[in-house]
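This report refers to the structure that appears directly beneath it.
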Amino acid sequence: MATSTVTRDQFISWLGRFRDLVTEHRDYLTELDSAIGDADHGSNMTRGMNEVMNVIGAAPVATVDEMFKSVGMTLVTSVGGASGPLYGTFFLRFGTALGAVDVVDGPLLSAAFHAGLAGIVARGKAEDGDKTMYDAMAPAIAAFDAALAAGSDLAIAASDAFAAAAAGRDAIEGLVAKKGRASYLGERSAGHLDPGSVSTTYLFEALAQELSVV
Amino acid sequence: MVGIVVVSHSAPLAEAAVALAMQMVSGVPPTIVIASGTSDGRIGTDATRVAAAIDSLPEGEPAIVIMDLGSAVLSAEMSIEFLQNSSREIRMSSAPFVEGILAAVVRASGGGTLAEVASDAENALIAKTSQLGTGYTVGGSQDAATESKMSTSAGEQASSHEAEDVRGEAVIPNSIGLHARPAAVLAGALGEFDAEVWISVDGKDEVMGQSPISLMSLGARKGDVLHVRAQGPDRQAAMDTVLELTNKGFGELD
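Chains A and B supply the protein sequences, listed in that same order. Numbering (numbering that gives the first Met the number 0) for the first sequence: 0 to 213. Numbering (numbering that gives the first Met the number 0) for the second sequence: 0 to 253.
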């Protein structure tokens with residue numbers, strides 16, 4: 000049966016899976032961030048997403064715009080590092096684009112991804128090839144759109160997005176970082192995966208997991 | 000008076016930088032608010048806490064926001080979205096953290112406008128570069144261009160005034176010359192007068208006496224002659240103050 004919509008409950012489950020992935024890979028994210036950052040990405044993402052799940056669980060809201068606003072604000076106030084404003088802005092814009100609904104179709108979900116990505120660009124000023132989360136997220140969204148345009152259902156679109164995020168993450172490993180703490184390391188940042196691109200890949204992996212469950 | 004908002008990952012860092020700046024203030028200090036750390040006391044920043052800090056400034060006061068690095072800038076920029084009062088004039092400053100806070104606090108205390116406080120903060124590295132004798136670039140412009148920018152507007156204003164001025168000279172007697180502390184003392188003292196004071200040394204264009212950063216850019220050393228020109232109702236009192244402070248070595252004579 001083709002997956003053509005995502006419900007509020009599925010979005011909540013998506014976020015829970017994302018929390019599980021960053022928690023499972025917390026030490027790995029920290030290790031990556033020790034090589035080319037300030038060694039806190041693992042703890043930041045785990046703390047932030049645990050807080051998100053606490054807040055959602057404690058005060059369930061009916062519509063996804065309010066829910067993602069709450070997700071964004073929770074990340075802003077609990078993360079402390081750059082991931083707070085960056086993922087925070089992503090989810091705030093994502094939720095605003097979805098609107099006061101409790102079920103979402105492919106085109107609306109795509110529009111929300113684009114709004115979230117534009118928020119990240121506005122906030123962080125990153126460009127293609129700066130070696131940031133953008134380099135995983137932009138290809139993921141492009142792959143999502145391509146799948147929808149080809150008539151695929153959301154499960155396949157999400158799976159394609161995950162694969163593209165992973166490919167984007169790997170493609171930039173050899174680059175010199177142009178943004179963030181890693182940029183202070185210059186040439187030494189080349190040959191290390193960018194932690195933000197890794198956590199962004201988990202975000203799309205979580206969505207692919209969620210939508211592949213019929 | 001311009002309010003100062005300090006955004007830092009670290010509360011001790013922010014508090015120490017502010018304490019250093021306050022050593023230079025002898026008159027009324029500006030309102031200084033610190034937004035640092037997370038709500039559970041960790042190193043980091045939180046855009047909502049920055050917004051609260053900006054909102055806590057007195058009604059109508061313009062704000063200069065000075066950040067340490069990285070996510071402090073992201074949080075400061077994002078804070079605009081969370082302000083209760085969005086009519087306040089706010090400058091997100093590219094100033095260096097320590098020098099910028101010091102320059103901003105001193106200039107604000109002397110009654111500088113938001114533009115003047117921001118200019119001093121963003122050019123605050125001039126003190127270090129002129130001491131070290133290295134070049135200074137701000138936004139790609141060269142050393143001379145920056146310094147001439149700071150004095151050109153002074154020159155333009157001067158020539159457009161047809162009012163009387165008084166002139167005077169004094170030799171700098173103290174061993175380290177017109178460095179940071181004397182510049183702050185001199186600029187701070189001039190803040191009280193209804194007068195425009197221009198100061199130069201041989202070979203340099205005149206700069207505004209009320210700007211400690213501009214004074215430091217003169218690189219005036221012991222034995223240099225300060226050329227002083229003052230206009231406005233309090234010009235004589237301002238002139239007398241400059242000459243007296245200079246002759247006394249700005250309080251630093253051994």
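Note that CB positions come from ideal geometry on N, CA and C, so glycine has one too.
If I measure Cβ to Cβ from residue i and keep anything under 6 Å in the same chain, skipping five residues before and after, which residues do I get?
i: R7 (chain A); result: V63 and D101
i: A183 (chain B); result: M23, V105 and P211
i: A52 (chain B); result: V4, V32 and A34
i: V196 (chain B); result: L189, G208, A229 and A237
i: S174 (chain B); result: K221
i: D32 (chain A); result: A38, H40 and P194
i: V97 (chain B); result: A16
i: F112 (chain A); result: I140
i: L206 (chain A); result: W13 and A157
So, is the C-beta of residue i closer than 8 Å to a C-beta in chain A?
i: G69 (chain B); result: yes
i: S74 (chain B); result: yes
i: M66 (chain B); result: no
i: A51 (chain B); result: no
i: T44 (chain B); result: yes
i: S38 (chain B); result: yes
i: M77 (chain B); result: yes
i: R41 (chain B); result: yes
i: E155 (chain B); result: Here the model assigns E155 (chain B) a pLDDT of 46, short of 50, so the residue's position is not dependable and the matter cannot be decided.
i: S158 (chain B); result: Because the pLDDT at S158 (chain B) is just 48, under 50, the model does not fix this residue reliably, and the point stays unresolved.
Residue i to residue j, Cα distance in whole Å?
i: S151 (chain A); j: L192 (chain A); result: 31 Å
i: D45 (chain B); j: L12 (chain B); result: 16 Å
i: I225 (chain A); j: G43 (chain B); result: Because chain A here runs from 0 to 213, residue 225 (chain A) falls outside it and cannot be looked at.
i: V49 (chain B); j: A139 (chain A); result: 33 Å
i: Q130 (chain B); j: V200 (chain B); result: 16 Å
i: A285 (chain A); j: K124 (chain A); result: With chain A covering 0 to 213 only, the question about residue 285 (chain A) has no answer from this structure.
i: P84 (chain A); j: A99 (chain A); result: 23 Å
i: S150 (chain B); j: L184 (chain A); result: Here S150 (chain B) scores only 47 on pLDDT, less than 50, and its place in the model is too uncertain to base an answer on.
i: A154 (chain A); j: L210 (chain A); result: 5 Å
i: N49 (chain A); j: D204 (chain B); result: 60 Å
i: G218 (chain B); j: G202 (chain B); result: 11 Å
i: P181 (chain B); j: I198 (chain B); result: 14 Å
i: G167 (chain A); j: S108 (chain B); result: 51 Å
i: P106 (chain A); j: F93 (chain A); result: 13 Å
i: L214 (chain B); j: V206 (chain B); result: 7 Å
i: I119 (chain A); j: S86 (chain B); result: 26 Å
For residue i, tell me which candidate among the options has the shortest Cα-Cα distance.
i: A169 (chain B); options: B:A188, B:V241 and B:V5; result: B:V241
i: Q209 (chain B); options: B:G250, B:A103, B:T133 and B:I171; result: B:A103
i: R166 (chain B); options: B:T37, B:V224 and B:S25; result: B:V224
i: A156 (chain A); options: A:E186, A:S188, A:S109 and A:H113; result: A:S109
i: R180 (chain A); options: B:A18, B:F192 and B:D67; result: B:D67
i: K130 (chain A); options: A:E186, A:P84, A:E172 and A:Y86; result: A:E172
i: T73 (chain A); options: B:I89, B:T37, B:N84 and B:S213; result: B:T37
i: R106 (chain B); options: B:L217, B:T245 and B:I212; result: B:I212
i: K178 (chain A); options: A:R168, A:A139, A:M132 and A:A163; result: A:M132
i: L244 (chain B); options: B:V200, B:E80 and B:L185; result: B:L185
i: A51 (chain A); options: A:V75, A:S33, A:A61 and A:H113; result: Note on residue identity: the sequence assigns Val, not Ala, to residue 51 (chain A). The shortest C-alpha separation from V51 (chain A) is found at A:V75.
i: A58 (chain A); options: A:E204, A:F203 and A:I11; result: A:I11
i: G190 (chain A); options: A:V197, A:F203 and A:L174; result: A:L174
i: V27 (chain B); options: B:A10, B:M0 and B:D39; result: B:M0
i: K68 (chain A); options: A:A146, A:A96, A:L206 and A:E186; result: A:A96
i: M44 (chain A); options: A:G15, A:G71 and A:V78; result: A:V78
Using beta carbons (cut-off 8 Å, strictly below), is residue i in contact with chain B?
i: P194 (chain A); result: no
i: P84 (chain A); result: yes
i: T29 (chain A); result: no
i: G71 (chain A); result: no
i: G115 (chain A); result: no
i: V75 (chain A); result: yes
i: R7 (chain A); result: no
Can you give me the Cβ contacts of residue i inside the same chain, cut-off strictly under 8 Å, excluding the 5 residues immediately before and after it?
i: Y201 (chain A); result: F17, L20, V21 and H24
i: T29 (chain A); result: A38, D39, H40, G41 and S42
So, at 7 Å on beta carbons, what are the nonlocal neighbours of residue i in its own chain, with the 5 sequence-adjacent residues on each side left out?
i: T4 (chain A); result: V102, V103 and D104
i: A120 (chain B); result: I63, I65, S92, A94, G99, A102 and A103
i: T199 (chain A); result: M132, A135, M136 and A164
i: T2 (chain A); result: D152, L153, A154 and L210
Inset, instruction - Indicate whether the contact test is met: 3 or more Cβ pairs, each with one atom in the stretch 4 to 22 of chain B and one in the stretch 12 to 24 of chain A, closer than 8 Å. - result: No, because fewer than three Cβ pairs between the stretch 4 to 22 of chain B and the stretch 12 to 24 of chain A fall closer than 8 Å, the two stretches do not touch.
Legend entry - the stretch 187 to 206 of chain B contacting the stretch 232 to 241 of chain B, beta-carbon criterion three pairs below 8 Å: Here the stretch 187 to 206 of chain B lies against the stretch 232 to 241 of chain B, with 3 or more beta-carbon pairs under 8 Å apart.
Legend entry - At least three beta-carbon pairs within less than 8 Å, the stretch 74 to 83 of chain B to the stretch 73 to 92 of chain A: Counting Cβ pairs under 8 Å, three or more are found: they touch.
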